[in-house]
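Using UniProt numbering, read the sequence shown as starting at 1 and increasing by one per residue.
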Amino acid sequence: MTEDWTADSVVVAALGRPLDLGMLYDCRSDSFCSDVSLWDNSTIAFMRQSLPRPLTEVKCIEGDSLQDRFRALDVTTPLRASVLSGLVEVGGAAGYLKHPVQSTLQDRVTLHYRTTTRLDMLSHSVLQEETDRTQQKATHVVMAVLYGAQAFFIFDYKHISGQHSGAGEADMHSVVKKMMPTFSAGQIFSSLSDTEKLNSLLYRCNLYSDVDYVNGSMTYDRALQVYETLPKHLGQQGEKAVPLYAWLYPVKNLGLSVETTRLFFTKAEGVLDHLRQATMRCQEMRTDFTNGCVMKWFPDLTYKLSRLSELLQKYQSEFKRKLSMAVKTMRESEGVDENRLRDILQNHDQSPFCPQSIQLWLNNKAAEVKALNDCKTRNIPIMISQEELDGVLRSSKDRLLCFTLTSLEDEDPFLSTMKQHKHSLQENTVNQTDLTGQQETHSVPMDTVNQSDLTGQQETHSVQENIMNQSDLTGQQETKRPFKPPDLTQKIQSDLCLFTKSYEDSGDGESIKFIAAVIPDISVPGSSIRLYQQGSLITTNFQLGLEPDPFQVAETKQSCVLLKFPQSTIRRPERYRVEYRVMTTGVSKVSKRPWNVVDTLAPAETCLVPRLKPFALYQIRYSVIEHSGMSDFSKVIEVMTLRSPPEQLFVNRLDKETVKVTWLQPECDDGASVLHYKVDYKESGLEGWSTMVTEGPECQCIITLNLSTCYRVRVSAVYGEGDTSEPSRETDVPVYGELHQVNLT
């Protein structure tokens with residue numbers, strides 16, 4: 001036997017487990033055999049040495065992940081695996097590992113207190129003594145124990161606003177940090193500013209310590225009192241101290257056990273951390289008071305969050321069970337075979353419980369809740385039932401825009417997939433194979449222990465050292481893509497932004513009502529904006545902000561306007577929706593009259609807007625309707641129709657060269673006066689008109705024309721404002737010798 005037994009030893013954290021010198025340890029299950037010792041009591045008592053090791057450390061822990069907690073307790077990778085998989089039950093201050101994960105609605109700062117009192121160890125001479133060779137199930141024996149105590153003060157502050165605040169966490173960190181220099185509650189409290197004293201009233205502390213009767217939840221003031229008395233609880237000579245760390249020496253006839261690969265268990269920590277955080281996020285969304293109305297109005301949302309939380313907890317239990325079996329198998333196997341553990345992690349990555357899928361689903365639900373809360377904040381009515389929506393539509397006389405969540409109350413395929421996957425895990429139990437190997441052992445760096453006291457040079461390892469490349473461990477195994485829910489967050493946020501902007505900008509005289517509702521619609525997952533007109537649904541997907549290019553006015557008449565649509569290589573329109581309405585003549589304010597509609601099927605390039613009033617100002621716009629939905633309306637273009645032309649045109653040939661033209665004054669609703677008339681005439685079949693103007697508003701004119709030539713004539717009215725009416729219908733002038741008077745009206 002070597003005198004330097006520390007060269008082959010490994011350090012493990014006690015984690016609240018009872019242990020003593022000479023006790024046997026099985027590293028395959030990370031358990032102490034409390035009722036069995038390798039030597040008799042008299043030998044252990046004779047070989048026991050006790051050295052004082054008084055040292056106290058107090059520090060703040062910044063993070064709250066499982067890795068941060070394991071690091072604070074100096075837990076090695078093999079022991080982490082056993083804790084994660086449930087092989088090891090922790091107690092005392094190590095209960096900190098089980099404390100609920102930090103909520104996104106909380107600020108959290110943790111104060112870690114650790115004190116050491118003495119180091120008990122066995123002389124290396126004990127290795128020469130006779131041992132009980134029947135204890136073949138153990139792999140190590142306890143050769144040294146460091147005694148002391150630890151405590152974790154977890155300070156939380158829950159935000160009233162429901163929003164996480166980095167500034168609030170910094171303030172609490174400052175308050176907690178002032179506990180580090182002294183144990184005096186009075187000095188600590190007097191060092192706080194008035195603001196810090198006021199804020200500390202809102203802090204809640206959870207304590208995990210190796211002193212049983214002071215554990216639990218308490219106020220900040222009570223935590224200061226407990227903190228002040230902690231050193232006294234260990235006794236004047238430290239006789240009430242508990243084991244913190246044990247040095248284990250391998251039993252040679254059983255050999256060394258297998259230490260599992262660090263990377264795999266680092267990934268397993270990440271899996272369990274994510275499952276805990278996702279479960280916490282479900283609970284936060286359901287219980288956050290800012291979401292209270294939404295959860296009350298839409299119980300399906302509450303049910304889905306509860307269902308996911310339940311599935312996550314059951315999956316976590318199943319994952320830990322499989323992890324426990326894999327750890328046992330690896331430690332009992334001959335040779336290093338990590339296939340089972342690799343398969344567990346790979347199957348998780350390919351399952352619907354993988355982080356990416358869970359995160360997507362939760363982000364979608366958070367976006368839905370936020371959208372409804374934003375509408376509530378802006379006083380936009382939210383329809384909580386189909387009956388309420390139908391009532392609003394029946395009473396609606398105007399245009400109505402409805403921000404619609406389309407997937408909130410629909411059947412959730414992702415939850416169904418998760419449920420099926422969970423059932424398949426229960427039904428298809430993985431066949432167990434015997435995998436054994438050699439365990440690489442690591443010791444925890446302990447500044448509180450002098451290496452010379454252990455008569456040897458103890459090699460220490462960091463849990464984070466020598467992490468192997470993941471690609472070297474996963475092999476060339478082909479992986480399947482996990483089922484992932486659709487990413488609806490961006491769509492919901494975009495629709496909500498456009499909808500609320502339109503709501504805030506509404507005030508141009510157009511009467512539009514804005515509401516929000518939950519209407520299942522698999523054709524537009526996530527959300528959409530519905531457009532209703534006088535209670536009738538126009539489109540289920542109104543694409544606000546997506547305006548088509550402006551149209552051109554190809555021709556304007558007194559009773560119609562011809563529009564020409566722009567041609568696009570991107571859009572594939574099915575039809576165009578043209579809307580128009582009249583404005584009050586001479587007044588810039590938009591008329592309250594509703595929009596009139598003309599539908600034109602694509603691929604028509606033009607649209608005739610009929611039945612217009614003469615000399616009236618119209619607003620015209622259009623929208624492109626495609627298979628995916630209906631675009632926003634184009635920019636409004638104002639068009640003035642022409643005035644009415646003169647009516648009942650008469651042509652009377654007086655003699656061979658003279659023609660008299662008469663007509664009736666045109667109708668004019670605005671009372672404008674005619675300045676004069678413009679009479680156009682030309683030879684039939686030729687281009688170009690000749691024009692003469694009457695001297696006043698009289699409705700007749702004498703024209704000298706060639707005897708034997710056929711002519712056509714028309715008349716336009718010219719008003720005092722400079723407006724010219726549309727020409728009257730063209731009228732033929734009879735050739736002399738034929739009809740002497742023609743009435744063509």
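The C-beta atom is built at its ideal place from N, Cα and C for all residues, glycine as well.
Residue pairing from DSSP places M630 in a beta bridge opposite F542 and I625.
Every beta strand (DSSP E) stretch that sits fully inside the region 216-279 and reaches 3 residues is listed by chain position as 216-219 and 242-250. Given a length threshold of 4 residues, each whole run of the alpha helix (DSSP H) inside the region 45-86 is given here in chain order: 66-72 and 77-85. With respect to the 8 Å criterion, T117 and A241 are classified as neighbours on the basis of their beta carbons. In the three-state DSSP reduction, Y203 falls in the coil class, being neither helix nor strand. Here the alpha carbon of V369 sits roughly 19 Å from the alpha carbon of Y503. Taken in chain order, the complete beta strand (DSSP E) segments of 3 or more residues contained in the UniProt domain "Fibronectin type-III" (645-738) are 647-653, 658-664, 674-683, 690-693, 700-704, 711-719 and 731-733.
Per DSSP, F189 is one residue of the alpha helix (DSSP H) stretching across A185 to S190. E726 is classed as buried because its beta carbon has at least 16 other beta carbons within 10 Å across all chains shown.
Annotation: G238 to M143 spans about 20 Å, alpha carbon to alpha carbon. Check the Cα spacing between P645 and each of S631, V36 and C699: the tightest is with C699. One Cα belongs to N363, the other to L308, and the distance between them is close to 13 Å. Distance from E196 to S174 at the Cβ level is roughly 7 Å; contact confirmed, criterion being Cβ atoms closer than 8 Å. In the structure shown, R321 falls within a helical segment according to DSSP collapsed to helix, strand and coil. Residue pairing from DSSP places C607 in a beta bridge opposite L563. Looking at the DSSP output, I620 bridges to Y580 and I637.
It is roughly 31 Å from the alpha-carbon of A268 to the alpha-carbon of T115. In this structure, W361 is the residue among G720, S385, M383 and W361 with its C-alpha nearest to the C-alpha of P485. Rounded to whole angstroms, the separation of the alpha carbons of C205 and G148 is 23 Å. Across the structure, L400 and N291 are spaced so that their CA atoms are roughly 26 Å apart.
Remark: C-beta atoms of R575 and A602 approach each other more closely than 8 Å. Nearest C-alpha to H112 among V90, R222 and I154: I154. Cα atoms of M383 and V294: separation of roughly 11 Å, rounded to the nearest angstrom. In this structure, the CA atom of F499 is about 7 Å from the CA atom of L544. Q490 and S9 have their C-alpha atoms spaced approximately 55 Å apart. Taken through DSSP and simplified to helix, strand or coil, M121 comes out as strand. Under the Cβ criterion (8 Å, minimum of three pairs), the region 610-622 does not count as touching the region 529-536.
In the DSSP assignment, I529 is bridged to F403.
Secondary structure at A366: helix, using DSSP grouped into helix, strand and coil. Non-local C-beta neighbours of V176 in its own chain, meaning closer than 7 Å and more than five positions away in sequence, comprise C60, V109, L111 and F155, ordered along the chain. It is roughly 49 Å from the alpha-carbon of T43 to the alpha-carbon of K314.
Counting every other CB atom within 10 Å of its CB across the protein chains shown gives F289 a total below 16, marking it as exposed.
Exposure of I522 is indicated by the presence of fewer than 16 other C-beta atoms within 10 angstroms of its C-beta. Excluding sequence positions up to five before and after D549, its CB lies within less than 6 Å of the CB of P566, all in the same chain and listed in chain order.
DSSP lists Y580 as the beta-bridge partner residues of N596.
Cβ contact annotation for P250 (same chain, cutoff 7 Å, sequence separation greater than five): D8, T139, H140 and L256, in chain order.
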